[in-house]
Amino acid sequence: MPKAVGDDPSAPAAAPLLGAGARVLVTGGAGFIGSHLCAELLRRGHRVHVVDDLSTGSLDNLREFADEARLTVTVASIEDPQVAARACAAADAVFHLAGAVGVRRLASRPLEVVQRNLRCTEVLLGAAAAGRIPVLLTSSSEVYGDGPVPFDEAHSVRPGATEGRRGGYACAKAMGEWLAFGHREQDRLPVVVARLFNTVGPRQSGESGMVLPRFVAQAVAGQPLTVYGDGSQTRCFAHVGDVARALVELMAAPGTEGRVFNVGSDVETTVLALARLVRDEAGTEAPLQLQPFTAVFPPGFVDPPRRVPSLQRLVAAIGWAPATPLATIVRELVALARQQGDQRGGMAAG
Ligand code: UDP
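Okay, so the sequence shown: first residue is 4 according to our numbering, each after it adds one.
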């Protein structure tokens, strides 16, 4: 019988789930976090198979690996059981990132977000369970809802009221975790769950509402930075490169199987402080424009006031946690946005 979640961490360390030179399936590998994860896996000598339906991802995110023989890409939905079965049968390990994300999408199309996240995860886990292919399941800090900070993996999940829109995503992510542990129990599927906190970095799009790419684009264009509410809500932002490394290490370290890990930064920043930081790094006088939540979100859409992880479990498992300072991340993103603006300007002029 597999051990239960949260078993004695001092028990003898089980073997790592990701061996050297593995064949790794990354669902959602053409997305923002997925593409950085592929880069990290390739860097460590693995072979990578991406399955992505490009609904939010883009092949452009993987263009630096266009000539890389160890990367293959299948454009298809992992919701298709045949696609999932074929991909899992050819893999030694799976990182499951495919799903519908983004607060804006959740606010406007809550049913689609819930259905797609549930279906992707149910089908993928079923296929992985058939061959007992170890899975790292990416879940979300949203499962903690408005619970007490710092969020600890042993806390109850709090997806919120079903009459509200936001909780559906949290609930689908939590259900994914329960499905994973159900397969672990029933089929002896090895699983690790990573609850991702706010992750930022190159290639993140502001299209689905994510705050940092939006602030950077606004600041570089000299436009007002749109701060929702009074800006006193807090988040902790981690660099996507750090997050990708942590995900790989959670599969490569012994003793992580059957456990849930928060993955992110625990340095808390208000949205207002983030806006000021972006404005300073961009060297612009652009104003901060406070917009009431009621003007940007539908009724019943709750913006969590604080979100801070406990990282004790993660640090105990892999010896570190994502820690690139926010100012360094913002500087990098401002420089990239300027560079891309120059290239577009150059192309338009040329
Ligand atoms: N936010 C903001 N201005 C924007 C976009 C987002 O003030 O243009 C706020 C949002 O209300 C939230 C925080 O920034 O409090 C982070 O939003 P994001 O959508 O990036 O992630 P969340 O943590 O809400 O999932």
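Glycine is no exception: its CB is placed at the ideal position from the N, C-alpha and C atoms. In this text, all values refer to a predicted model and were calculated from it rather than measured experimentally.
If you compare alpha carbons, which of the options is closest to residue i?
| i | options | result |
| --- | --- | --- |
| Val146 | Phe200, Thr259, Leu114, Pro325 | Phe200 |
| Gln189 | Asn265, His52, Ala131 | Ala131 |
| Ala157 | Leu314, Ala340, Gly258, Ala278 | Leu314 |
| Val246 | Phe68, Thr141, Leu57, Val117 | Thr141 |
| Pro151 | Ala319, Val223, Trp323, Pro312 | Pro312 |
| Gly179 | Ser211, Leu128, Asp149 | Leu128 |
| Ser159 | Gly167, Gly134, Asp149 | Asp149 |
| Arg46 | Arg341, Gly24, Leu139 | Gly24 |
| Val274 | Leu215, Phe264, Val138, Ile321 | Leu215 |
| Gly34 | Glu82, Leu100, Val51 | Leu100 |
| Val53 | Glu71, Leu44, Leu62, Gly32 | Gly32 |
| Arg341 | Leu291, Leu329, Thr287 | Thr287 |
| Arg107 | Val243, Trp323, Asp306 | Asp306 |
| Phe296 | Asp233, Gln343, Arg238 | Asp233 |
| Ala94 | Ser211, Gln226, Phe184, Val29 | Val29 |
| Thr223 | Pro290, Asp155, Thr272 | A small correction: the amino acid at residue 223 is Val; Thr does not occupy that position in the sequence shown. Val223 has its Cα closest to that of Pro290, out of Pro290, Asp155, Thr272. |
| Asn64 | Ser38, Glu43, Glu82 | Ser38 |
| Gln354 | Arg119, Pro153, Val230, Glu82 | Residue 354 lies beyond the stretch modelled for the chain, which goes from 4 to 353, so this question has no answer here. |
| Glu82 | Thr59, Arg122, Phe68 | Arg122 |
| Phe264 | Glu43, Asp155, Phe98, Ile136 | Asp155 |
| Ala88 | Ser235, Lys176, Ile136, Gln346 | Ile136 |
Going by beta-carbon coordinates alone, are residue i and residue j separated by less than 8 Å?
| i | j | result |
| --- | --- | --- |
| Ala103 | Val27 | no |
| Ser268 | Pro205 | no |
| Val270 | Val219 | no |
| Arg198 | Ser143 | yes |
| Val203 | Ile332 | yes |
| Gly261 | Arg187 | yes |
| Ala164 | Gly170 | yes |
| Val372 | Leu277 | Within the shown structure, residues of the chain are numbered from 4 to 353, placing residue 372 beyond reach of any answer. |
| Pro193 | Val126 | no |
| Leu253 | Ala320 | yes |
| Arg73 | Val51 | yes |
| Leu40 | Leu250 | yes |
| Phe240 | Leu329 | yes |
| Gln221 | Met213 | no |
| Gly225 | Arg217 | no |
| Asp55 | Val86 | no |
| Arg248 | Arg310 | no |
| Ala173 | Phe300 | no |
| Gln236 | Pro162 | no |
| Gly105 | Ser211 | yes |
Measuring only from the beta carbon, is residue i closer than 7 Å to any heavy atom that is part of ligand 1?
| i | result |
| --- | --- |
| Gln236 | yes |
| Thr229 | yes |
| Met213 | yes |
| Val266 | no |
| Arg168 | no |
| Gly322 | no |
| Gly232 | yes |
| Asn120 | no |
| Asp56 | no |
| Arg217 | yes |
| Asn64 | no |
| Asp306 | yes |
| Arg309 | no |
| Val51 | no |
| Val152 | no |
| Val117 | no |
| Val274 | yes |
| Val106 | yes |
Could you give the C-beta distance for residue i and residue j, rounded to a whole number, given that I count them as a contact under 8 Å?
| i | j | result |
| --- | --- | --- |
| Val266 | Leu336 | Actually they are not in contact, since the Cβ atoms of Val266 and Leu336 sit about 20 Å apart, beyond 8 Å. |
| Gly167 | Gly348 | With a Cβ gap of about 43 Å, Gly167 and Gly348 do not count as contacting. |
| Thr124 | Leu57 | With a Cβ gap of about 19 Å, Thr124 and Leu57 do not count as contacting. |
| Gly134 | Ala92 | 6 Å |
| Ala177 | Asn120 | Incorrect: roughly 10 Å between the Cβ atoms, too far for contact. |
Hey, is residue i's beta-carbon within less than 8 Å of any beta-carbon in chain D?
| i | result |
| --- | --- |
| Leu62 | Among the chains in the structure shown there is no chain D, since it carries only a single protein chain. |
For the segment 155 to 208, list the beta strand (DSSP E) runs that are entirely contained and at least 3 residues long, ordered along the chain. As for any beta strand (DSSP E) of minimum length 3 sitting wholly inside the segment 155 to 208, the runs are 194 to 199, ordered along the chain.
Where are the alpha helix (DSSP H) runs, 4 residues long or more, that stay fully inside the segment 314 to 344, in chain order? If we require 4 residues or more, the alpha helix (DSSP H) runs fully inside the segment 314 to 344 come out as 315 to 321.
Can you check the segment 221 to 290 for any beta strand (DSSP E) of at least 3 residues that lies completely inside it and give the ranges in chain order? If we require 3 residues or more, the beta strand (DSSP E) runs fully inside the segment 221 to 290 come out as 228 to 231, 237 to 239, 262 to 266, 271 to 273.
Going along the chain, which unbroken runs of the beta strand (DSSP E) with 3 or more residues stay wholly within the segment 14 to 83? Taking only runs of at least 3 residues, the beta strand (DSSP E) segments lying wholly in the segment 14 to 83 are 26 to 30, 50 to 55, 74 to 78.
Give, in chain order, every unbroken run of the alpha helix (DSSP H) that is at least 4 residues long and sits entirely within the segment 94 to 160. With a minimum length of 4 residues, the continuous alpha helix (DSSP H) runs that stay inside the segment 94 to 160 are 106 to 111, 113 to 134.
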